[in-house]
Structure formats: structure tokens, C-alpha cells
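Have a look at the structure below before the remarks.
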Amino acid sequence: MNLIGILIALGLERLLGQLPGWGRPLLFLGYVRALMALLPFPPLWRSPVALPLLLLPPLLLIWGLSGVFTHPLADLAWSSLLLLLCLGPRDLAEDVHRLVEAREAGDGETATQLAAALQRGPQPDAGHRSLLGALFIQSHERLFAVLLWFFALGPLGAVLYRCLSRLPRILRETVPDSPAVRLADLLHGAFAWLPARITALLYGMAGSLDDAMQTWRQLLAERQHGWRSHTWAVLAEVSSASMRAEEPDGRVVVPASLEASLDEVLRMQTRALLILLAFFALFATGSMF
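By our numbering, the letter at position 222 of the sequence shown is numbered 230, and the numbering carries on one by one without gaps.
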């Protein structure tokens with residue numbers, strides 16, 4: 009049933025993505041701001057207690073409502089709706105196309121702003137940061153991690169990861185340099201640890217797996233940074249290495265321009281998504297056992 013819900017949510021996301029204003033991340037942000045306004049006690053929101061206080065109400069509400077939908081079709085519709093709300097906030101292709109259009113139009117200011125927006129969120133250490141790596145991280149945060157947690161734990165898993173991925177940035181803007189921010193980063197990294205590596209492997213399978221595995225081994229040997237930063241470095245570097253292709257004469261070929269690289273990232277995301285859906289189908293039908 010989870011596989012059908014995934015297919016429905018992905019189809020609806022494609023259709024609704026054409027609507028103006030769709031995908032703006034306002035629901036969870038509005039909830040956090042409303043709760044903080046209801047309890048205007050800054051030391052509370054700076055403390056680790058803020059995490060369960062912010063996360064438990066929506067999770068308990070979803071868990072309670074899920075028991076209401078006993079009919080399979082109603083449960084499917086409910087699960088698909090929740091997954092749809094957890095994807096994004098926007099399709100990565102939309103942001104990439106806007107960036108390419110700005111560069112082609114010579115609008116350097118807009119291109120810089122769009123590139124900076126794509127690089128917000130979790131990052132590896134400074135030595136492993138790049139625009140292409142950031143795109144793979146965004147792909148994981150907007151799509152793959154949510155799908156993996158949804159397939160594993162249903163709607164509750166998708167909502168949990170969606171909240172954990174958004175919470176560090178929201179708290180950083182309201183209570184910076186606080187224990188709450190550090191705990192939010194820690195939980196986000198913990199829940200991203202396995203999905204990020206699965207996503208990196210999917211991109212390897214969608215591109216050059218040999219180059220991906222070689223880069224992964226180099227990162228394991230290097231290991232000069234913390235485990236959270238290492239997670240994002242694996243996702244960025246391994247996925248980026250998957251873009252290489254080898255000609256029959258042994259020459260390594262990469263996209264000739266940034267625009268070509270951005271388009272290739274989107275094509276690889278599509279191939280990686282198809283591979284993931286194929287694995288989901290195998291697990292759902294029991295064909296792997």
C-alpha cells in the first residue's frame with residue numbers, strides 16, 4: 009500500500025507543481041511560530057525541551073488520525089496526502105531551471121541568489137562544498153529521504169523526517185547558538201545517516217558506479233571530519249563522482265558546462281528515483297525473497 013501511496017503522491021506533485029505558490033514551506037513554519045507565540049518564554053525554546061515540545065504534537069495528531077481511516081482506500085488517500093505535503097517544498101527541477109534561465113539571460117544577481125538558496129541547509133565541511141554537491145543534498149532532503157522513511161514507517165516516518173529536516177534552520181533563525189539548535193542538528197543527522205548513504209548509492213547506480221565507489225573509499229580513508237559532516241560529504245562527493253563517464257579509450261568525460269551539469273543532475277535524479285521505485289516494488293511484492 010505504501011508503494012501505491014508513493015506513486016500517487018509523486019503524480020500529484022507533478023500536477024500541482026504547476027500551480028502558483030504551490031510548495032511554499034509555510035505549514036510547519038507557521039505551526040512553530042504559533043506555538044512560540046503561545047508560550048512566549050525564550051529560555052524554553054533555547055533548551056533541548058523545545059524539540060519534544062515542537063515535534064510531539066504533530067506526530068501524535070497524525071498517529072491518532074491514522075487510526076480513524078480504517079477503510080483501505082481512505083487510509084491510502086490519507087497517506088498519499090501526508091506524503092505529498094512532505095515532499096519538496098519545491099521540485100528541484102523548478103529551482104534548477106530558474107537558475108539556468110538566469111545564467112543564460114546574464115542575470116548574475118538572480119543567479120547568485122538562486123545558487124545561494126540551493127546551498128542552504130546541511131552541508132559537508134568546507135573542503136567538500138560545491139553547487140553540484142548541494143543539489144544532490146537538496147535532492148535527498150526534498151525527495152529521497154522522505155520516500156525512504158515513508159516506505160519504512162509510513163506517513164509518520166515521512167512527517168518525522170520532514171520536521172527534523174526543517175527544524176534546525178527554523179530554530180537557527182529564532183534561537184541561534186542554542187542547545188535546541190545543536191540537538192536539532194544532531195537528530196537530523198542521525199535520521200539522515202542511512203538514507204543519505206542509500207541515496208548516494210542510488211546515484212552511483214544511476215551514473216558511474218565505479219567512480220562513485222572509488223570516491224566513497226577515498227572519503228572513508230580520509231575521515232577528517234565529524235560523522236554528521238561526513239554524511240553530507242558522502243552524499244555530495246559520491247553522487248557528484250557518479251556524473252563521470254569513461255570513453256572506450258579510457259578518457260574520463262564530464263559535462264562540458266555548468267548548465268550541462270545541472271541538467272545531468274536532474275536526469276540522474278530521475279534515473280535514481282526509478283531505481284528506488286523498482287526496489288520498493290520488489291520489496292512490496294516479496295520478489296526479493
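Every residue, glycine too, gets a C-beta built ideally from N, C-alpha and C.
Can you tell me where the alpha helix (DSSP H) holding Pro65 begins and where it ends? 58-74
By Cβ distance, which residues of its chain are closer than 7 Å to Leu243, with the 5 residues on each side in sequence left out? Phe144, Ile145, His148, Ala204, Thr207, Ala208
I need the boundaries of the alpha helix (DSSP H) containing Ala110, first residue and last residue. 100-112
Hey, Leu270 and Val57: beta-carbon distance below 8 Å or not? no
Assuming Leu95 and Ala17 make a contact with CB atoms under 8 Å, what is their CB distance in whole Å? 6 Å
Decide if Phe158 is buried, meaning its Cβ has at least 16 other Cβ atoms within 10 Å, or exposed. buried
If we ignore side chains and look at the alpha-carbon of each, how far apart do Leu314 and Trp86 end up? Lying before the first or after the last residue shown, residue 314 is absent from the chain, which here runs from 9 to 297.
Report all residues from its chain with a CB closer than 7 Å to the CB of Leu63; omit the five preceding and five following residues, and keep chain order. Cys171
Of the choices Asp115, Ala241, Leu210, whose alpha-carbon is the least far from that of Gly135? Ala241
Could you compute how far the alpha carbon of Leu89 sits from the alpha carbon of Thr278? 22 Å
Is Phe49 closer than 8 Å to Arg174 when the C-beta atoms are compared? no
Less than 8 Å between the C-beta atoms of Ala188 and Leu179, yes or no? yes
CA-to-CA distance, Asp83 to Pro176, given in whole angstroms: 31 Å
Return the CA-CA distance between Leu47 and Gly13, expressed in angstroms with no decimal places. 36 Å
Kindly indicate which residue of Leu15, Pro163, Leu290, Gly141 has the alpha-carbon position closest to the one of Val246. Gly141
With DSSP run on the structure shown, which of helix, strand or coil describes Gln226? helix
Whole alpha helix (DSSP H) runs in the segment 106-185 with 4 or more residues, listed along the chain? 116-126, 139-147, 153-161, 163-182
When the Cα atoms are used, what is the spatial distance from Ala160 to Met44? 31 Å
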